[in-house]
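*Asks:* The numbering of the sequence shown is the working numbering, which starts it at 77 and goes up by one. Using N, Cα and C, we set each Cβ at its ideal position, and we do this for glycine too.
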Amino acid sequence: MSADTRPTSPSRFAAALKDLSVSMLHLKVLEIRNSIAHLQYSNDQLQPFAQGTAIALGQAKANANLEPDQDCVDAIRENEMVIERMAERIAMVRAEIEARGMSWSEFRSTEEVETEAKSKKAMIQSENQNQQHGSDGQRSEETQRVHSAWSDGTFQTGTIRNGELLMNSISRSSQTQRSTGTSGGGLNDEGLRRATEERMRDLSTGEEGGLHL
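(1) Give me the DSSP bridge partner(s) of R237.
(2) By the 10 Å Cβ neighbour count, where 16 or more other Cβ atoms means buried, how is K104 classified, buried or exposed?
(3) Within the chosen definition, does the stretch 109-116 reach the stretch 82-94 through at least 3 CB pairs nearer than 8 Å?
(4) With 16 as the cutoff for other CB atoms within 10 Å, does R88 come out buried or exposed?
(5) So I152 and N119 are supposed to be a Cβ contact under 8 Å. How far apart are they, rounded?
(6) Can you name, in chain order, every residue of its own chain whose Cβ lies under 6 Å from the Cβ of F183, other than the five neighbours on each side?
(7) What are the complete beta strand (DSSP E) segments, minimum 3 residues, inside the stretch 83-124?
(8) Below 6 Å CB to CB, which residues in the same chain sit around L289 once its five sequence neighbours on both sides are set aside?
(9) Is V169 closer than 7 Å to L101 when the C-beta atoms are compared?
(10) What residue range does the alpha helix (DSSP H) around I159 cover?
(11) Roughly how many angstroms separate the alpha carbons of T186 and P83, rounded to a whole number?
(12) For D145 and F125, which I take to be in contact (beta-carbon distance under 8 Å), what is that distance rounded to the nearest angstrom?
(13) Whole angstroms is fine: what's the gap from S249's alpha carbon to Q208's?
(14) For R215, count neighbouring Cβ atoms within 10 angstroms of its own Cβ and tell me buried if that reaches 16, exposed if not.
(15) Quick one: is I173 buried, meaning 16 or more other Cβ sit within 10 Å of its Cβ, or exposed?
(16) If I'm right that P86 touches E190 with Cβ under 8 Å, what's the distance once you round it to whole angstroms?
(17) To the nearest angstrom, how far is the alpha carbon of D147 from that of N155?
Quick look at the structure:
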């Protein structure tokens with residue numbers, strides 16, 4: 077390779093950037109990205125021949141020997157090396173832009189913007205799932221921590237229909253505990269019902285006709 081065709085060294089390229097205006101840096105980034113796109117397209121076209129899955133034009137299919145084309149393999153490798161150097165140059169332009177106190181956001185490519193958006197979306201979805209799992213676990217734990225007084229018959233709920241108090245049913249184990257005297261004392265269902273009915277009758281026949289607490 078002659079001196080005229082030898083690629084510019086990274087140090088010389090970085091030094092040359094300092095003399096360019098912001099608009100020229102924009103153009104340089106676009107130029108580099110355009111070159112990368114052409115090289116990537118070329119590699120995509122060469123790939124089937126490099127893998128030996130395609131036949132070159134003018135070659136009869138009957139006589140075709142499907143083997144990797146070494147020339148295509150070498151061309152792809154060389155293109156990849158050039159793409160890598162160009163990516164390094166874009167990184168140098170970014171370093172120059174940020175060294176001038178400006179943001180790289182307006183220099184980003186469409187692919188970079190889309191990749192960043194997908195990454196943020198995936199992160200948000202992951203955080204939402206973690207929060208949902210945490211909320212479900214907390215609700216389950218709170219349900220398990222319900223005081224035993226609501227299940228052993230200490231506290232009961234009911235409704236008043238036609239002046240009669242109807243108590244809601246409780247678990248059979250709670251009824252067994254109360255019948256065997258293991259509920260810790262107090263009125264049983266029948267005694268509680270009678271006491272409540274007497275209290276309701278006293279309230280309904282009071283002189284002021286209102287409820288007294």
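*Replies:* According to the structure data:
(1) DSSP lists E240 as partners of R237.
(2) buried
(3) no
(4) exposed
(5) About 5 Å separates the two Cβ atoms, so the contact holds.
(6) V105
(7) none
(8) Note that L289 scores 45 on pLDDT, short of 50, meaning its location in the model is unreliable and no value can be drawn from it.
(9) yes
(10) 146-175
(11) 27 Å
(12) 4 Å
(13) A caution first: S249 carries a pLDDT of 48, below 50, which makes its placement in the model unreliable, though a value can still be read off. C-alpha separation (whole angstroms): 35 Å.
(14) exposed
(15) Of the other Cβ atoms in all chains shown, 16 or more fall within 10 Å of the Cβ of I173; this residue is therefore buried.
(16) Their Cβ separation, rounded to whole angstroms, is 28 Å, which puts P86 and E190 out of contact at 8 Å.
(17) 12 Å
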